[in-house]
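Protein chains: 2
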Amino acid sequence: MQKVEPKTLPGFMELLPQEQIKFNDIIQRIKASFEKFGFLPLDTPIIESADVLLAKAGGETEKQVYNFNKGENELCLRFDLTVPLAKFVAANFNQLTFPFKRYQIGKVFRGERPQKGRFREFYQCDIDVIGNENLSIVNDAEMPSIIYQTFKSLNIGDFVINFSNRKLLKGLFSSLELEEKSADILRTIDKLEKIGEEKVFLILIEDFKLSKKQVKTILDFVKISGTTDEKLEKIKQMPVKNQIYLDGVNEIFETVKYLRSFNVPDDNFEINLTITRGLDYYTGTVYETFLKDYRSIGSVCSGGRYDNLAEFYTDKKLPGVGISIGFTRLFYILNENEILKTESNSISKVIILPMTENIAYCLSLATFFRNNEINTEVFLEQAKFKNKLSYANKLQIPYAVIVGEDEIKQNYLTLKNMTTGEQFKLSKEEVLKKLTKN
Amino acid sequence: MQKVEPKTLPGFMELLPQEQIKFNDIIQRIKASFEKFGFLPLDTPIIESADVLLAKAGGETEKQVYNFNKGENELCLRFDLTVPLAKFVAANFNQLTFPFKRYQIGKVFRGERPQKGRFREFYQCDIDVIGNENLSIVNDAEMPSIIYQTFKSLNIGDFVINFSNRKLLKGLFSSLELEEKSADILRTIDKLEKIGEEKVFLILIEDFKLSKKQVKTILDFVKISGTTDEKLEKIKQMPVKNQIYLDGVNEIFETVKYLRSFNVPDDNFEINLTITRGLDYYTGTVYETFLKDYRSIGSVCSGGRYDNLAEFYTDKKLPGVGISIGFTRLFYILNENEILKTESNSISKVIILPMTENIAYCLSLATFFRNNEINTEVFLEQAKFKNKLSYANKLQIPYAVIVGEDEIKQNYLTLKNMTTGEQFKLSKEEVLKKLTKN
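First to last, the sequence lines map onto chains A and B. The first sequence lines up with residues 1 to 438 when you count with our numbering. The second sequence lines up with residues 1001 to 1438 when you count with our numbering.
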């Protein structure tokens, strides 16, 4: 028979079981952390109608979308979890309770050019809070506090949540009479860390025709330095007095105040006025999160405040604030750098190795362990003892129970610690106790 | 602004949060049950290369597949989890440990005509064991024993796992010199429960030109009745003596013997020789699972033994046995019939309702609860007390902690049981104790 090569597409992550165990362990911790803050689960379809999903898209995003026809329908695969959320909230407005706090963990699809560490199918882990008409600024502090708790629970080293408030730059641009160029300027400043100050300077002057003085004012502003409180003070002292700027000042003060109320240490957050987020729908606070040891990989968790989540679907005013972890990429980097510490690399806590024809005895024993919440497998194949042990070793199962005729006759079990090699003669209750403890 | 209707496509399940909580709760129990038997997690891509995924497809399946082009690639969405497993095992043969036991829980896609209770995007929960060259018959009993434990843990009423062994009918057909028509006959018998004996009789005689005597022999055989042991005895006593039949007899005896060793009660399994499974790749044991109170919806969990999992990708002989829960449909039926009992309908165990400007106090309290593993939210918006309570009620949060100036000054908390309406003055440690217990 002609064989087909069993290949997986480039840009699609497919892990071996030992890695998948780690992946799931971390996803589980993220989920638990989101639920600890009372966020509700949501699971929107992967396929949506193209007119719904692309209602507001355009430019780069639209080019990357997987879209296709099935029958008469133009369909596409979701490229993020925010647009489906907007659709969901608009469609189910009357059945939801506001503020609506939801998390969603799922795959999204973008046909980017594949390159090392970039994926076309990847998990996003999103949380958003959506208000009906209003949404308190305290939520702008709760978001990073959730990320703080979540990342701490992942045990992946030092990280810092950077944030700014878009109203500050908007107010500054207004005072410089640059409102019309603000999208271009924001997008350029967003690249500051990547391309450097000199290039940003050139682009703003040559491409967007800003004056040197304007550029200097802007760059001096976004480079404001010092402790968090010093930065706040400098922001407050700026000679910009329009309402949008004053709102921004007020909001960033409140955000810092509540971040501290949420017990987020000053070491783990930082005002960074160069953060603008390219996407134009953010209207207030914006976030990016960096791993201190892997700053160069860019933000691993980003988001912000938007005034109007679902304006393409409904007249209802739905302000929100949300944040998203690009998980597949994060996992890839953590795994590559071997900085993932999981509690266990195996699913089974114990494997029963029958050395007898009396499989029934072993199966009953397995049922006994399982009924006591111990993940247990039985080696059911004919094989040499050496090969059975090798199976257990390869799967990194911490304990083996060896059951031979002697054990059955004399009513004991031989428990082998697969890490140390030690063996013990124990009753099944004693084995259970040992497995439960460790 | 022109609005787009925020619609979800027909045939795609999208649940409200209270339902999604139930959905996730059951998925979590299925996952825990699979892991209790030591199955390893796998997460293959949703998008695969069309030539890989359709290597063996054809007929009905291929028509239902979502396929499309992106650049030069012909792609499609997975329509089950078995073909991706075959690809994965063939591609990673040297890195896997056999027998390879994996579970996968994920969405698959089939463009069926949408109808009530049928979905185009649905979850499958699969377990399979793959051997290298050989795989013990004990695995044919382990599969239904896992399903037995899993369904019991779901608490969804009575169910019975039906099974047969294809070698029996294959042997019988051989003795009747009907080998060449066996695929047609199997497909017809598979419809017995749906279309009735009379129609099956007619189809076999008129369409497939069997003699009346042949049809009678076959129908008498598949209708063998009695207790499990009586059925086994009748199967053994049949005057069919070819090797394939004798192998089938031996295997079905062993399957029953080990099912009992796995402590599966006789009430929960049943030999049913009309079960053939339409798909032609099964070669031995085949399973279907029925909810006793909802027999008419058909099998909710099916599978079987196959000799050669990955023959389209590799020369390696990889026998396996597996079973799959069509979960979205199952959930739909359970939910429609209101027979889902979940431990809790809310994510949060407690909500803190600030009656003071001192939000910081409430946030610290929330952190205290969360650090003690209690899912906690804080109502952060400005609202009347009545509306805050209504929010908690709608989300079915079992406890509310009310924090006003008095509480802060006198250092106590007011705990409200949202079900009974009772209120208690307690210290925060006492509240924690109450929340942990319940």
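Idealized CB from N, CA, C, for every residue including glycine. Being a predicted model, the structure only gives us computed values, none of them experimental.
Whether residue i touches residue j by CB criterion (7 Å)
i, j, result
"B/Y1294", "B/R1166", "no"
"A/L172", "A/V222", "no"
"A/N139", "A/V321", "yes"
"A/A392", "A/M418", "yes"
"A/L232", "A/K349", "no"
"B/K1031", "B/T1342", "no"
"B/T1044", "B/F1088", "yes"
"B/A1050", "A/P6", "no"
"A/S324", "A/Q124", "yes"
"B/N1024", "A/G38", "no"
"A/Q396", "A/N345", "yes"
Short CB-CB distance (under 7 Å) between residue i and chain B
i, result
"A/P41", "yes"
"A/N375", "yes"
"A/D158", "no"
"A/V431", "no"
"A/T342", "no"
"A/Q214", "no"
"A/L380", "yes"
"A/D370", "The displayed chain sequence assigns Arg, not Asp, to residue 370 of chain A. Yes - at least one Cβ of chain B is within 7 Å of the one on A/R370."
"A/T227", "no"
"A/Q20", "yes"
"A/I347", "yes"
"A/A55", "yes"
"A/Q95", "yes"
For residue j and residue i, the rounded distance between their alpha carbons
i, j, result
"A/R187", "A/R277", "8 Å"
"B/Y1412", "B/G1404", "10 Å"
"A/F385", "A/P41", "46 Å"
"A/A400", "A/L432", "12 Å"
"A/K199", "A/I297", "20 Å"
"B/K1003", "A/F253", "36 Å"
"A/Y66", "A/L81", "15 Å"
"B/L1192", "A/Q18", "44 Å"
"A/I458", "A/I271", "The shown model of chain A, from 1 to 438, leaves out residue 458 of chain A, and the question about it has no answer."
"A/V52", "B/K1116", "23 Å"
"B/K1181", "B/F1208", "7 Å"
"B/P1114", "A/N372", "43 Å"
"A/I26", "A/S211", "49 Å"
"A/V129", "A/L85", "11 Å"
Simplified DSSP state of residue i, which is helix, strand or coil
i, result
"A/R118", "coil"
"B/F1037", "coil"
"B/V1052", "helix"
"B/F1327", "helix"
"A/D43", "coil"
"A/F23", "helix"
"B/I1105", "strand"
"B/N1337", "coil"
"B/E1074", "strand"
"A/Y66", "coil"
"B/L1016", "coil"
"B/K1349", "coil"
"A/K425", "strand"
"B/D1128", "strand"
"B/F1100", "strand"
Beta carbon proximity, residue i to chain A, threshold 7 Å
i, result
"B/Y1294", "no"
"B/T1367", "yes"
"B/P1319", "no"
"B/T1414", "no"
"B/P1045", "yes"
"B/R1110", "no"
"B/D1128", "no"
"B/A1090", "yes"
"B/Y1148", "no"
Which ranges would you report for the beta strand (DSSP E) in the region 139–213 of chain A if only whole runs of at least 3 residues count? 159–165
Could you name each continuous beta strand (DSSP E) segment of 3 residues or more that falls completely within the region 1267–1321 of chain B, going from the start of the chain to the end? 1269–1271, 1285–1291, 1301–1306
At what residue ranges does the region 351–419 of chain A contain a whole run of the alpha helix (DSSP H), taking only runs of 4 or more? 359–371, 385–394, 405–410
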